[in-house]
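Student: Have a look at this one.
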Amino acid sequence: MIKGRPVTYLKLDDTDIYYQDQGKQSAKTTLLLSHGYAASSAMWQQQVDFLSEKYRIISWDMRGHGRSQSPSDIGAYSSSASLQDMKNILDACDVEKAVIGGHSLGGYFSILFNIKYAERVSGLMLFNTGPGFRNQKAREDWNLYALNQGKRFETKGLDALRGRIETRLGHHTSAQGLMNAAEKMLTQHDASAIDSLPSIKVPTLIICGEQDKGFLDPTAYMNKKIPSVTTVLIPNARHAANLDQPELFNQALGAYLSSL
Numbered sequence: 003m004i005k006g007r008p009v010t011y012l013k014l015d016d017t018d019i020y021y022q023d024q025g026k027q028s029a030k031t032t033l034l035l036s037h038g039y040a041a042s043s044a045m046w047q048q049q050v051d052f053l054s055e056k057y058r059i060i061s062w063d064m065r066g067h068g069r070s071q072s073p074s075d076i077g078a079y080s081s082s083a084s085l086q087d088m089k090n091i092l093d094a095c096d097v098e099k100a101v102i103g104g105h106s107l108g109g110y111f112s113i114l115f116n117i118k119y120a121e122r123v124s125g126l127m128l129f130n131t132g133p134g135f136r137n138q139k140a141r142e143d144w145n146l147y148a149l150n151q152g153k154r155f156e157t158k159g160l161d162a163l164r165g166r167i168e169t170r171l172g173h174h175t176s177a178q179g180l181m182n183a184a185e186k187m188l189t190q191h192d193a194s195a196i197d198s199l200p201s202i203k204v205p206t207l208i209i210c211g212e213q214d215k216g217f218l219d220p221t222a223y224m225n226k227k228i229p230s231v232t233t234v235l236i237p238n239a240r241h242a243a244n245l246d247q248p249e250l251f252n253q254a255l256g257a258y259l260s261s262l
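Residues in the sequence shown are numbered from 3 upward in steps of one, following this note's numbering.
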């Protein structure tokens, strides 16, 4: 049985943010896990089950996702608001430092969190993610892709979630919230994340599925630029390596956490 505090909502800017605080409350190491776009904290359940005897695991739903609120004001969706949400969750849980990890968009936010709140980070875990772009044209192409992701919900509503496994696991309630998140959270506006890689001072774990072709090059780039890094490619896994191959993923996770 997983021990932990009950499901909790944190109110920030009149927005209810859903999070769970599970596992060993007295553990030396705490993890804060952030999901990818159009996914939710439900995607981490197999990792929570695996780690809960030794570690404290905090997971949460981003604005517009899962059980968190979907503000009507699109200005409430931004990367800076998400970073503040992450910090406030750690504060609410009385956690001074944590291993900050995330999948896809959540991994990108983890890099940004390390820039803004490095004193709160004891380790980084970057799963099937990338550090963004320096090239303006590449960033514009990504942002067009991001906006098109949001438009799927305009035409199909929540039925657009019937694709990838990590999105089907969510408990989403608002197609508009996911549209707003695509426009304000999934889009990128500068090179701060990619520029920060050489200055990352904490041990970093990178995991990517061998079949996640869009993120293999970013994985190789991060492996080259981050000073203290362990990189694992998971065979027969795509963009959600933790769901495609949970046992192999958890082995890599456990080995990294044991080394801290």
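Every residue gets a Cβ at the ideal spot worked out from N, C-alpha and C, and that includes glycine.
1. Restricting to Cα atoms, I'd like to know which of Asp75, Ala195 and Asp219 is closest to Thr17.
2. Just the Cα atoms here: how many angstroms apart are Arg69 and Asp219?
3. Do you know how far the Cα of Leu259 is from the Cα of Met3?
4. Give me the DSSP bridge partner(s) of Asp96.
5. For Ala100 versus Thr32, is the C-beta distance shorter than 8 Å?
6. Taking the alpha-carbon positions, what's the Ala222 to Ile209 distance?
7. Should Ala257 go down as buried or exposed, given a rule of 16 or more other Cβ atoms within 10 Å for buried?
8. Go through its chain and collect everything with a Cβ distance to Ala184's Cβ below 6 Å, but skip five positions before and after it.
9. On the CB-based measure, 16 or more other CB atoms within 10 Å of its CB, does Gly159 come out buried or exposed?
10. Extract the residue ranges of the beta strand (DSSP E) inside the segment 167-219, only unbroken runs of 3 or more that lie entirely within it.
11. Kindly indicate the opening and closing residues of the alpha helix (DSSP H) around Thr32.
12. Would you mind working out which of Asn145, Leu180, Asn238 and Lys227 sits nearest His191, comparing C-alpha positions?
13. Let's test the definition: count the other Cβ atoms within 10 Å of the Cβ of Gln27 and tell me whether it reaches 16, buried, or not, exposed.
14. List the DSSP bridge partners of Thr17.
15. From Tyr20 to His105, what distance separates their C-alpha atoms?
16. Compute the Euclidean distance between the alpha carbons of Gln247 and Gly25, then round it to the nearest angstrom.
17. I'd like to know whether the C-beta atoms of Asp216 and Ala243 end up nearer to each other than 8 Å.
18. Taking only the alpha-carbon atoms, compute the straight-line gap between Arg154 and Asp197 and give it to the nearest angstrom.
Tutor: Put simply:
1. Checked all of Asp75, Ala195 and Asp219; the closest Cα to Thr17 is Asp75.
2. Roughly 33 Å separates the two Cα atoms.
3. At Met3, the pLDDT of 37 sits below 50, so the modelled position is not reliable; the number obtained from the coordinates is stated separately. One Cα belongs to Met3, the other to Leu259, and the distance between them is close to 21 Å.
4. Answer by DSSP bridge pairing: none, since Asp96 is not bridged.
5. When the beta-carbon positions are compared, Ala100 and Thr32 come within less than 8 Å of each other.
6. Separation of Ala222 and Ile209 (C-alpha to C-alpha, rounded to the nearest whole angstrom) is 11 Å.
7. Exposed is the call here.
8. The residues are Ala148, Gln151 and Gly152.
9. Label assigned to Gly159: exposed.
10. Runs found: 206-211.
11. DSSP places Thr32 outside any alpha helix (DSSP H); the residue lies instead in the beta strand (DSSP E), whose first and last residues are Thr32 to Ser36.
12. Considering only alpha carbons, the answer is Asn145.
13. Counting Cβ neighbours within 10 Å, Gln27 comes out exposed, since fewer than 16 surround it.
14. In DSSP, Thr17 forms a bridge with Leu14.
15. Rounded to whole angstroms, Tyr20 to His105 spans 18 Å at the Cα level.
16. Looking at the two C-alpha atoms, the distance is approximately 22 Å.
17. Per the sequence presented here, residue 216 reads as Gly, with Asp not at that position. The Cβ atoms of Gly216 and Ala243 do not sit closer than 8 Å to each other.
18. Each residue's alpha carbon lies about 32 Å from the other.
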